[in-house]
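J.:
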Amino acid sequence: MNRRRFIASSAAFAALSSLPSCKKSGGAQTLTIFTWSDYLKPEVKEKFEKAHNCRVVIDTFDSNEAMLAKLDAGASGYDLLVPSSYAVQALKRKGLLQTLDHSLLPNLKNIDAAYLPKALDPKMEISVPYMTAPTCLGYLASKVSDAKHSWTILDRQDLKGRITLLDDMREVIGAALKVLGHSLNSTDPEQLAKAADIAIVWKRNIAKFENEQYKSGIASGEFFLVQGYAGDLMQAADENEDMRIFIPEEGTAFSCDDLCIPKDAKNTALAHQFIDFVSGPEIAAENMESIGYRAPNSAAYSHLTEDFRGSEVLFPPDTVFARCEPIADLGDKLPLWTNEWDRVKNS
Ligand code: N2P
Numbered sequence: 006m007n008r009r010r011f012i013a014s015s016a017a018f019a020a021l022s023s024l025p026s027c028k029k030s031g032g033a034q035t036l037t038i039f040t041w042s043d044y045l046k047p048e049v050k051e052k053f054e055k056a057h058n059c060r061v062v063i064d065t066f067d068s069n070e071a072m073l074a075k076l077d078a079g080a081s082g083y084d085l086l087v088p089s090s091y092a093v094q095a096l097k098r099k100g101l102l103q104t105l106d107h108s109l110l111p112n113l114k115n116i117d118a119a120y121l122p123k124a125l126d127p128k129m130e131i132s133v134p135y136m137t138a139p140t141c142l143g144y145l146a147s148k149v150s151d152a153k154h155s156w157t158i159l160d161r162q163d164l165k166g167r168i169t170l171l172d173d174m175r176e177v178i179g180a181a182l183k184v185l186g187h188s189l190n191s192t193d194p195e196q197l198a199k200a201a202d203i204a205i206v207w208k209r210n211i212a213k214f215e216n217e218q219y220k221s222g223i224a225s226g227e228f229f230l231v232q233g234y235a236g237d238l239m240q241a242a243d244e245n246e247d248m249r250i251f252i253p254e255e256g257t258a259f260s261c262d263d264l265c266i267p268k269d270a271k272n273t274a275l276a277h278q279f280i281d282f283v284s285g286p287e288i289a290a291e292n293m294e295s296i297g298y299r300a301p302n303s304a305a306y307s308h309l310t311e312d313f314r315g316s317e318v319l320f321p322p323d324t325v326f327a328r329c330e331p332i333a334d335l336g337d338k339l340p341l342w343t344n345e346w347d348r349v350k351n352s
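According to the working numbering, the sequence shown is numbered sequentially starting from 6.
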């Protein structure tokens, strides 16, 4: 299945995969995954189900904060979570994750050794890198003339009401911090206040803050410029040839989402099997090409098409990558950010 069919089928897929599950269906085990939408090739899911005689049920979240809030509110029943690395650290602090059993994960040898030293859990004690991607801007070339590859394009009045930004403080205030030349993980109150002021100006120019519908929205021409995750934008670009994607010149968030097992998981062995399955070279490559994200899996790279390897947003040149940053766990500084985000939202 190529990405072209992904967006069209994702709603139906989500509806099917969210059907209430019985823990056993025909004696088979159920693996319940809490993850982002359109983040696992349906055929890869089916292959795993067949190989392990089980059923995979997917529940989705659209931001790390939404995932953390749901778990904080007591949601349980998940066997596997797919948070970004900084949110894995937050879950770890809360004591919600299991230590992984490496004897069940032979494919960990495939994980990119050049990536691991930069990971927040370099020994993969509680999490295994799944997919990485930068947060980008995507636009329609026929609607946005002279597109400057900068976050400042969000100020353009000719695009008023045709822009969406992610409904995610780390992404929006983070982008504004980059415009100001600061780290997107700043906890300096003055820098944060200035960044929130920029986000307030952007808010007046956009249609909405939104995390999922922007894909079909830009593919259909409803929106002209959207902030989104590289793979989601690539899925949309497969629907509309007019779309262009870029990493803003000031830099952006380059995040990794990781596979981890909650302490209260019912099917720990199956969860390990899933982590190992998607970390196999061929499966990792097949999954990547379909969802448009990059697994830091060196054994998979030789299985990728040249076209995919040539993607400048997924495999950016060193000079561009140097301006990207992973999102860090804010720890007890979190309220500084939530207060500024509330100010943006209530403005
Ligand atoms: C997948 C979204 C991935 C989110 N649809 C990037 N952290």
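Virtual Cβ for every residue (Gly too), placed ideally from N, Cα, C.
Quick caveat, the model's predicted, so the values are computed rather than measured.
Among residues of its own chain, excluding the 5 on either side of THR324, which ones have a beta-carbon nearer than 8 Å to its beta-carbon?
T.: If we look at THR324 and ignore the five residues flanking it on each side, it has no Cβ neighbours.
J.: Per the contact definition of three or more C-beta pairs closer than 8 Å, is the stretch 179–197 in contact with the stretch 251–264?
T.: The stretch 251–264 is in contact with the stretch 179–197.
J.: Would you please state the rounded distance, in angstroms, between the beta carbons of SER42 and CYS261? I believe it to be under 8 Å.
T.: Contact doesn't hold; Cβ gap of about 18 Å is too wide.
J.: Could you work out which residue in LEU197, MET136, VAL283 is closest to HIS57 when comparing CA atoms only?
T.: Comparing Cα-Cα distances from HIS57 to each of LEU197, MET136, VAL283, the minimum goes to VAL283.
J.: Compare the beta carbon distance of ASP67 and GLU227 with 8 Å and say whether it is the shorter of the two.
T.: Not a contact, by the Cβ cut-off of 8 Å.
J.: What is the DSSP secondary structure of ARG5, counted as helix, strand or coil?
T.: Residue 5 lies beyond the stretch modelled for the chain, which goes from 6 to 352, so this question has no answer here.
J.: Starting from the C-beta of SER30, find all residues in its chain whose C-beta is less than 7 Å away, skip the five residues before and the five after it, and write them out in chain order.
T.: Annotation note: pLDDT 47 at SER30 (below 50); position unreliable, coordinate value reported separately. Counting only Cβ-Cβ distances below 7 Å, and skipping sequence neighbours, we find ARG60.
J.: Rounded to a whole number of angstroms, what is the C-alpha to C-alpha distance between TYR219 and ASP263?
T.: One C-alpha to the other measures close to 24 Å.
J.: Are the stretch 140–149 and the stretch 233–241 touching by the rule of at least three beta carbon pairs closer than 8 Å?
T.: Touching, per the Cβ criterion.
J.: Assuming the contact rule is C-beta atoms closer than 8 Å, ASN351 and ASP117 should be a hit. Round their C-beta distance to whole Å, please.
T.: At roughly 42 Å, the Cβ-Cβ gap does not stay under 8 Å, so ASN351 and ASP117 are not in contact.
J.: According to DSSP, is VAL177 part of a helix, a strand, or is it coil?
T.: VAL177: helix per DSSP, three-state reduction.
J.: What's the call for GLY336, buried or exposed, on a 16-neighbour Cβ count within 10 Å?
T.: Counting Cβ neighbours within 10 Å, GLY336 comes out exposed, since fewer than 16 surround it.
J.: Assuming ILE178 and ALA201 make a contact with CB atoms under 8 Å, what is their CB distance in whole Å?
T.: Sure, about 6 Å apart at Cβ, within 8 Å.
J.: Answer yes or no: do ILE266 and THR273 have a C-beta to C-beta separation smaller than 8 Å?
T.: Result yes, Cβ atoms of ILE266 and THR273 sit closer than 8 Å.
J.: Pairs of beta-carbons, one from the stretch 146–165 and one from the stretch 298–317, closer than 8 Å: are there three or more?
T.: The stretch 146–165 vs the stretch 298–317: no contact.
J.: What are the complete alpha helix (DSSP H) segments, minimum 4 residues, inside the stretch 70–104?
T.: Correct list: 90–98.
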